[in-house]
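*Asks:* Shown below is the structure under consideration.
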DNA sequence: ACGGAATGTGTAACCCGTTACATAAATAAT
DNA sequence: ATTATTTATGTAACGGGTTACACATTCCGT
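The following block contains the structure:
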């Protein structure tokens, strides 16, 4: 690999001049520039980013922490972040944390040693202190971590209320909820939205609530029990689409007809909900958009540390399909 | 951030000694080591990986190129590669190429400037020359690129034959094929497996073949036409599960009963096939395993360049579900 | 024609670990 | 007792860009 000194020698200039040509800063005479350009061409010279990073203390890399890329909600988020990173000349690092705080911390330290420029966190296990101590720009995505940390999320509470209202409008009289894990902020907000919508109904009963873990199987089992215990249930608001699939399957296994006997609405709007039959009505998040915004904001924070940046809450949108 | 010189000063030794302690090489007196350790502790010193990389010319990073992480086949692959990278102390970089050669080349150059240690390619657009010129270890995954490039794949040809044989065993007498793009090696192999299994049947007709692009929608449309034109078809071997979903939907839209009137078998074994109804019988690849092996082999190649490494062809496995 | 600004280029320090090489003391071998 | 090893530690160059600073030239205004 040719170095900047090779180029300098060939072009009969100093390394400083070559550097100026590469970075388009400082004064360089037009004819000198031509010579340098030619030398660069001739040697097929590419600057060594590692050397650059060492001097600048910046690596032009950003990382995304997700619980598990195999969860179908995250690939679209990852895609968005990668697209934006790439567009701005950043390299994209993906970390699967499995919701384990020790993994997050290990990744964090490893990345700091590599002079990572910024991190986007989808996390429910990071503590306030851990986030405060971070030496690089950080954005929370999908889940709030603490009020001081800029986040890009959706209006989970409002979306949940809208979902339940929609079920009511469809004529449901006994609406249950399969919630997400209570350590995840968006699950709590969706749950609260549900609760505020049903708590004053005379039919409401706390047994209409069951707690899932945002995954298919547990929701499948939990819903079977729920529906066996409470056959009067005619609507279910499920805290995410993945569990929504489990709910559809539970209904199927109990020979409950959807949407005739039971309406189901999910949350997230992942492609998967389009493929089930019946397909799943859902409160769709603008998944790509929030990933994109998180990346844009992060890069803004990296490149212009002084600009004031605010958290964003995007809107979910009812997407009616066959399950209601 | 504390540097090695700060540590050296505090411990009253030279930087060389500190380096020896950190890397556990060379001779260091026990008591000196204690002092150094304490200084490291006290300053909360972490070596700067960028400086290390600069000197060593290695970055402890590996990259995975996939067409698009949003395609449900790839997250599991990515997860496997990330797990193994992480286990061996490598940082994992994900690149979405959209099957565009210019993107691949752009990524490649960017990564080389960052002293990337190795790359795993899922690619059908990289040319032989481009691969030959690469200055770092490279492994092809899922798709062969050229015979000289080590690859980790599955027995697509055999798997395809088994799939068709299975349909025959199930009593299918008119078996069609929805193939993948012919520029993708595994699609060609699967197609050939199908062809070798049906070409001598008296019922075989070239109109039983239709070409898809490994995505749901095109397969949906193509299959609708196929089945309208050839209502005698009673079995379809689909080159991947994603298109398998499209086929199931096409049958549904034509009110063709699966598996009674039509049997469908896919290829890949992605989780999605489990969620459709009917669920999709498939030739399941050991997706995680091949990703894992690709990463292991790559790291082997990086760390021990002289070991002889051979391509691997893993076996697919028939997974019978409701669509047959 | 003279002073100050704009233009053009080079030298060398710097970023921070790593390691070849030198030196010296302690221990082992003969 | 003397030489060969082993152990222990330090100095300084190195990897490859970047940039502060110095110096030289050209241009412009008056």
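Protein chains in written order, with UniProt numbering: chain A, 1 to 324; chain B, 1 to 324.
Glycine residues also receive a C-beta, built at the ideal position from the N, C-alpha and C atoms.
Note that the structure is predicted; figures quoted are calculated from it, not measured.
(1) Which chain A residues are close to residue 46 (chain B), counting only those with a beta carbon under 9 Å from its beta carbon?
(2) How about residue 208 (chain A) and residue 251 (chain A): are their beta carbons less than 8 Å apart?
(3) Which residues, taken in chain order from the segment 271-287 of chain A, show a beta carbon closer than 7 Å to some beta carbon of chain B?
(4) Give the straight-line distance between the Cα atoms of residue 126 (chain B) and residue 29 (chain A), rounded to the nearest whole angstrom.
(5) Would the beta-carbon of residue 178 (chain B) fall within 8 Å of that of residue 245 (chain B)?
(6) Please look up how many angstroms separate the CB atoms of residue 197 (chain A) and residue 164 (chain A), rounded, as I've assumed it's under 8 Å.
(7) Report yes if the C-beta distance between residue 213 (chain B) and residue 143 (chain B) is below 8 Å; otherwise report no.
(8) Less than 8 Å separating the beta-carbons of residue 63 (chain A) and residue 119 (chain A)?
(9) Is it buried or exposed for residue 57 (chain A), if we count other Cβ within 10 angstroms and need 16 for buried?
(10) Mind listing which residues of the segment 122-145 of chain B have their C-beta closer than 9 Å to chain A's C-betas, in chain order?
(11) So residue 91 (chain B) contacts chain A; which residues on that side make the cut at Cβ distance below 8 Å?
(12) Output yes if chain B places a C-beta closer than 8 Å to the C-beta of residue 70 (chain A); else output no.
(13) Identify the residues that DSSP records as bridge partners of residue 96 (chain B): which are they?
(14) Considering Cα atoms alone, identify which of A:113, A:103, A:92 is closest to residue 110 (chain B).
(15) How would you label residue 114 (chain A), buried or exposed, when you count the other beta carbons within 10 angstroms and need 16 or more for buried?
(16) Can you tell me the Cα-Cα spacing of residue 10 (chain A) and residue 191 (chain B), whole angstroms?
(17) Residues in the same chain with beta-carbon distance under 7 Å from residue 200 (chain A), minus the five sequence neighbours each way, listed in chain order, please.
(18) Tell me, please, whether the CB atom of residue 75 (chain A) is closer than 8 Å to any CB atom in chain B?
(19) Can you tell me which of the three DSSP states residue 152 (chain A) falls into?
(20) CB residue 240 (chain B) to CB residue 180 (chain B), shorter than 8 Å?
(21) What first and last residue would you give for the beta strand (DSSP E) that runs through residue 283 (chain B)?
(22) Taking the alpha helix (DSSP H) that residue 223 (chain A) falls in, what are its first and last residues?
(23) Does the segment 276-290 of chain B come close enough to the segment 257-266 of chain B that 3 or more CB-CB pairs lie under 8 Å?
(24) Just how far apart, CA to CA, sit residue 399 (chain B) and residue 170 (chain B)?
(25) What are the boundary residues of the alpha helix (DSSP H) that residue 191 (chain B) is part of?
(26) Using the Cα positions of residue 59 (chain B) and residue 46 (chain A), report the straight-line distance between them to the nearest angstrom.
(27) Once you ignore the five residues that flank residue 296 (chain A) on each side, which residues in its own chain have a CB closer than 7 Å to its CB?
(28) Do residue 184 (chain B) and residue 124 (chain B) have their C-beta atoms closer together than 8 Å?
(29) Excluding the 5 residues flanking residue 307 (chain A) on each side, which residues of the same chain have their C-beta closer than 7 Å to its C-beta?
(30) Output the distance between the C-alpha atoms of residue 61 (chain B) and residue 102 (chain B), rounded to the nearest integer angstrom.
(31) Taking residue 291 (chain B) as part of the alpha helix (DSSP H), name the residues at either end of that continuous run.
(32) Does the beta-carbon of residue 320 (chain A) have 16 or more other beta-carbons within 10 angstroms, so that it is buried, or is it exposed?
(33) Could you check which residue in A:134, A:232, A:189, A:205 has the C-alpha nearest to that of residue 157 (chain A)?
(34) From what residue to what residue does the alpha helix (DSSP H) around residue 87 (chain B) run?
(35) Taking Cβ positions only, does residue 54 (chain B) come closer than 8 Å to chain A?
(36) First and last residue of the alpha helix (DSSP H) that includes residue 40 (chain B)?
*Replies:* Concretely, from the data shown:
(1) 109, 112, 113
(2) no
(3) 272, 275, 276, 277
(4) 40 Å
(5) no
(6) 4 Å
(7) no
(8) yes
(9) exposed
(10) 135
(11) 93, 110, 111, 114
(12) yes
(13) B:66
(14) A:92
(15) buried
(16) 54 Å
(17) none
(18) yes
(19) strand
(20) yes
(21) 281-284
(22) 216-229
(23) yes
(24) Summary: the structure shown does not reach residue 399 (chain B), with chain B confined to residues 1 through 324, and so no result is reported for it.
(25) 185-198
(26) 17 Å
(27) 84
(28) yes
(29) 300
(30) 22 Å
(31) 287-303
(32) exposed
(33) A:189
(34) 74-87
(35) yes
(36) 30-43
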